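Just so you know, we're using the working numbering here: the sequence shown kicks off at 16 and counts up by one.
Built from N, CA and C at the ideal position, the CB exists for glycine as well.
Given the structure is predicted, the values throughout are model-derived calculations rather than measurements.
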Amino acid sequence: MVLLWRASCLVHCLTLYSLAVYSINVSEKCTQDTRTFLSELNKDLPSEYAALMYDAFGKMGSDVVGGNVNRPGSLQECLSVQGPSFTGQYCQVFLKQDPIQYFVGICVPDSCVEEEVQTLVVYGCMYSWLQAFSFQACSQEVLSTATPGGGYSSLNGIRIFSLLWIICGHTVQLSAWNNLDNEKRWKGTVEKNPLHVFAFSGPVYLAVDTFLLLGGLLSARSLLGSIQRAEDKLSPGLVANFLFKRFKRVQPLHLFIVCLAIGLFSVVQRGAFWFIAEDEIINCKKYWWSNLLLVNNLFTITDICAPWTWYLSLDFQFYATTPLFLPTCVFFNNTALFRFNNISLSSPLLSSPLLSSPLLSCVCVTTQWQAAVGWFCCLSVMAILVGLAYVLRDVPPQPSAPHALYQGIHRSLWALAVAWIILACEEGYGGFVDNLLSLNLWVPLSNISFACYLIHPVLIILYNGKQETPIHYTDMNFFYLFLGHMILTVVIGYVLTVLVEKPYLFLRGSKA
């Protein structure tokens with residue numbers, strides 16, 4: 016809706032231009048009167064004349080789709096304004112955006128001539144674009160601890176703990192595969208012992224499954240909101256717009272990271288273990304288009320450009336399945352059923368949505384003892400799943416029923432367990448777990464989590480590739496490696512969010 020965005024520029028252009036007024040051709044009298052108007056308008060209790068001037072601006076009316084695009088404002092109200100050293104002057108700004116032509120009425124001090132008003136409008140809109148790249152404005156957005164209205168506050172903590180688990184796992188994996196001088200001792204010590212958290216990290220892929228589950232919840236909620244705004248009509252056009260918005264949301268930072276990785280791996284001085292980075296460069300030159308189309312998860316791990324981005328492709332593909340499952344939730348018209356189906360929508364094996372309906376009766380909590388039983392079952396299932404990952408780690412020489420059963424259901428059970436945590440926290444049965452997951456501390460970190468996920472493997476590969484000697488395994492060494500990678504990831508993730516991700520989102524939002 017570019018039409019709406021352009022008109023909003025006209026309403027706010029006077030505010031934006033004032034910071035750069037000395038670089039444009041506007042008279043001193045016009046500048047001073049405009050500053051006086053803006054100063055009064057921005058007070059807690061604006062002067063009557065300032066409120067009248069702003070009220071006289073043309074604003075969007077109803078039935079825009081039906082053709083009501085002109086915004087004349089109020090001519091008489093503008094002319095009645097009596098400022099301290101000026102009166103109100105009514106102007107019309109005519110805009111043409113094929114095939115739409117429309118005008119917007121604005122009220123400015125009478126000391127401004129036509130050419131100056133045109134200049135203010137143009138420079139105001141340009142300045143609003145430049146504000147999207149303001150480090151200060153983007154930082155305020157990123158560092159804000161405010162949770163969006165109607166959001167699930169517990170999701171921030173779950174997202175951050177999952178991200179830390181992934182960073183820890185990649186720190187171990189990318190080092191242990193090629194860089195250890197005592198790999199045999201490392202395997203014998205940590206692979207069967209879950210206490211070595213920072214030296215092995217266990218089934219870290221379950222953290223990615225948690226990300227997929229959160230994505231399913233939020234995508235279903237987003238699509239439901241779009242359907243409600245479209246008067247409960249799920250049309251092909253709505254679905255296409257839903258998917259295209261997701262594509263635009265993910266790709267700018269994703270492709271920037273891919274280009275950044277290729278550039279860094281190409282120019283950084285090589286170390287003894289640089290062959291890992293070289294493989295990345297070769298794969299990206301051959302298969303870059305799979306990242307662009309979000310289909311790189313369909314390739315083997317040896318043929319993927321930036322292998323850690325397979326999650327984004329899988330998440331988008333699950334995102335595309337949301338319209339297939341959501342009508343079922345709407346059909347039953349049951350709040351609890353809708354919520355639980357949303358939570359389970361993107362389980363990697365796609366079995367959780369099917370299991371959610373028959374298990375619904377077990378999830379509707381009405382008493383404290385039911386909540387206690389739910390928490391006991393949830394935590395027990397999660398502990399058993401993580402423990403069995405160590406017990407059943409070795410691939411058996413013959414087909415094994417325990418291995419087959421575990422591989423068949425453990426991801427779905429994990430998704431249901433995490434879904435219970437979210438549901439319990441939202442229903443008021445989370446207790447100290449909800450307090451922990453809903454801390455304001457997690458909100459800024461959650462805002463940069465996407466950039467952190469994308470950049471942390473690049474940092475680990477650079478560190479490992481630059482080593483002149485192998486890394487020696489000790490628990491303390493891996494703990495320090497994890498801390499170093501985590502801190503550097505947070506710092507660079509913040510920079511990427513402020514300089515790349517947020518400016519694009521601001522520009523996209525202003526045009527939406």
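Check whether L135 and V41 have beta carbons under 9 Å apart: In the sequence shown, the residue the question calls residue 135 occupies position 120. In the sequence shown, the residue the question calls residue 41 occupies position 26. Yes, the Cβ-Cβ distance between L135 and V41 is below 9 Å.
Distance between F331 and L238 (C-alpha atoms, nearest Å): On the sequence shown, residue 238 is found 223 positions in, with the first residue counted as 1. On the sequence shown, residue 331 is found 316 positions in, with the first residue counted as 1. Distance between the alpha carbons of L238 and F331: 14 Å.
Contained beta strand (DSSP E) runs [length at least 3] in the stretch 161-249, N- to C-terminal order: Complete beta strand (DSSP E) runs here, min 3: none at all.
Stretch-stretch touch, CB-based, cutoff 8 Å, three pairs: the stretch 217-225 with the stretch 400-414: Short answer: they touch.
Segments of 4+ residues assigned as alpha helix (DSSP H) that fall wholly inside the stretch 36-69: Within the stretch 36-69, the alpha helix (DSSP H) runs of at least 4 residues that lie entirely inside it are, in chain order, 43-56.
Residue burial classification, R426 (beta-carbon count within 10 angstroms, cutoff 16): Here residue 426 corresponds to residue number 411 of the sequence shown, with the count starting at 1. Buried, since its Cβ has 16 or more Cβ neighbours within 10 Å.
Among G98, R264, F340, C153, the one whose alpha carbon lies nearest that of L56: Taking the sequence shown and counting its residues from 1, the one referred to as residue 56 is at position 41. The closest CA to that of L56, considering only G98, R264, F340, C153, is found on G98.
Closest residue to L329 among N312, L253, D318 (Cα-Cα distance): Numbered from 1 along the sequence shown, position 314 holds the residue referred to as residue 329. The shortest Cα separation from L329 among N312, L253, D318 belongs to N312.
Beta-carbon contacts of Q104 that lie in its chain and below 6 Å, excluding the five residues immediately before and after: Residue numbering aside, residue 104 sits at position 89 when the sequence shown is read from its first letter. These residues qualify, in order along the chain: V123, D125.
Proximity below 9 Å, CB of V96 to CB of I115: Mapped onto the sequence shown, residue 96 falls at position 81. Mapped onto the sequence shown, residue 115 falls at position 100. No, the Cβ-Cβ distance between V96 and I115 is not below 9 Å.
G508 (DSSP reduced to helix, strand or coil): One-based indexing of the sequence shown puts residue 508 at position 493. In the structure shown, the three-state DSSP call for G508 is helix.
Member of E206, M491, L268, F521 whose CA lies at the smallest distance from the CA of D409: For the purposes of this step, residue 409 is taken as residue 394 along the sequence shown, with counting starting at 1. Of the listed residues, the one whose Cα sits closest to D409 is E206.
7 Å Cβ shell around P485 - same chain, five flanking residues per side excluded: If you number the sequence shown from 1, residue 485 lands on position 470. A distance below 7 Å between beta-carbons, with the five flanking residues on each side excluded, links P485 to the following residues of its chain, in chain order: N194, L195, D196.
Strand pairing of C122, partner residues [DSSP]: The count along the sequence shown starts at 1 and reaches residue 122 at position 107. Y105.
Neighbourhood of A152 by C-beta distance below 7 Å, restricted to the same chain and skipping five residues each side: By 1-based counting over the sequence shown, the position of residue 152 is 137. If we look at A152 and ignore the five residues flanking it on each side, its Cβ neighbours are Q146.
Reduced DSSP category for L503 - H, G, I as helix; E, B as strand; rest coil: As a first step, residue 503 is located in the sequence shown; it is residue number 488 there, counting from the start. If DSSP states are grouped into helix, strand and coil, L503 belongs with the helices.
Alpha-carbon to alpha-carbon, G446 and W384: Along the sequence shown, read from residue 1 onward, the residue named residue 384 stands at position 369. Along the sequence shown, read from residue 1 onward, the residue named residue 446 stands at position 431. It is roughly 13 Å from the alpha-carbon of W384 to the alpha-carbon of G446.
K517, DSSP secondary structure in three states: Translated into positions along the sequence shown, residue 517 becomes position 502. DSSP places K517 in helix when its eight states are reduced to three.
Beta-carbon proximity list for G76, same chain, < 6 Å, skipping 5 on both sides: Counting from 1 along the sequence shown, the entry for residue 76 is found at position 61. Contacts found: N83.
Where the alpha helix (DSSP H) containing M397 begins and where it ends: Locating residue 397 in the sequence shown gives position 382, where the first residue counts as 1. It spans 383-406 - the alpha helix (DSSP H) in which M397 sits, taken as one unbroken run.
Close beta carbons around T504, own chain, < 8 Å, minus the five adjacent residues each side: For the purposes of this step, residue 504 is identified with residue 489 of the sequence shown, where counting begins at 1. Cβ neighbours of T504 beyond the five flanking positions: I182, C467, I470, H471, L474.
With 16 other Cβ atoms within 10 Å as the buried cut-off, status of S100: Your numbering for residue 100 matches position 85 in the sequence shown. Its Cβ having fewer than 16 others within 10 Å, S100 is exposed.
Cβ-based burial, F259 [other Cβ within 10 Å; buried from 16]: In the sequence shown, residue 259 corresponds to position 244, counting from 1. Result: exposed.
Boundaries of the alpha helix (DSSP H) in which W274 is found, first to last residue: Mapped onto the sequence shown, residue 274 falls at position 259. Note that residue 274 is Cys in the sequence shown here, rather than Trp. Here the alpha helix (DSSP H) through C274 covers 251-282.
Where D78 falls, given that 16 or more other Cβ within 10 Å makes a residue buried: Numbered from its first residue, the sequence shown carries residue 78 at position 63. It is exposed - the Cβ of D78 has fewer than 16 other Cβ atoms within 10 Å.
Nearest candidate by alpha-carbon position, reference Y326, set L309, T317, T337, P338: Position 311 of the sequence shown, counted from the start, is the residue given in the question as residue 326. The option with the nearest alpha carbon to Y326 is L309.
Residue-level contact to chain B via CB, L221, 9 Å cutoff: Looking at the structure shown, chain B is missing, and only one protein chain is on hand.
Same chain only: Cβ atoms within 7 Å of L520, ignoring 5 sequence neighbours per side: Taking the first residue of the sequence shown as position 1, residue 520 is located at position 505. Closer than 7 Å at the Cβ level, and outside the excluded window around L520, lies no residue.
Element boundaries [alpha helix (DSSP H), containing T134]: Reading the sequence shown from its first residue, position 119 is the one you call residue 134. Counting along the chain, T134 sits inside the alpha helix (DSSP H) bounded by residues 129-146.
Cross-strand partners of I115 (DSSP beta bridge): Within the sequence shown, numbered from 1, the residue matching residue 115 stands at position 100. In DSSP, I115 forms a bridge with Q112.
Best match in G423, V448, P411 for proximity to C393 [C-alpha to C-alpha]: Your numbering for residue 393 matches position 378 in the sequence shown. The shortest Cα separation from C393 among G423, V448, P411 belongs to V448.
For R86 and V2, the rounded distance between their alpha carbons: In this structure the chain extends from 16 to 527, so residue 2 is not present and cannot be described.
Contacts around W323, its chain only, beta-carbon distance under 6 Å, and the 5 residues preceding and following it disregarded: On the sequence shown, position 308 is the one that residue 323 refers to. P472, listed in sequence order.
For R86, the three-state DSSP class (helix, strand or coil): Here residue 86 refers to the residue found at position 71 when the sequence shown is read from its first residue. If DSSP states are grouped into helix, strand and coil, R86 belongs with the strands.
DSSP three-state assignment for L352, whether helix, strand or coil: To locate residue 352, count along the sequence shown from 1; it is residue 337. Residue confidence is low: L352 scores 37 on pLDDT, short of 50, so the model does not pin down where it sits. No coordinate-derived value is stated.
Residue burial classification, H500 (beta-carbon count within 10 angstroms, cutoff 16): Mapped onto the sequence shown, residue 500 falls at position 485. Classification of H500: buried, given that the 10 Å Cβ count is 16 or more.
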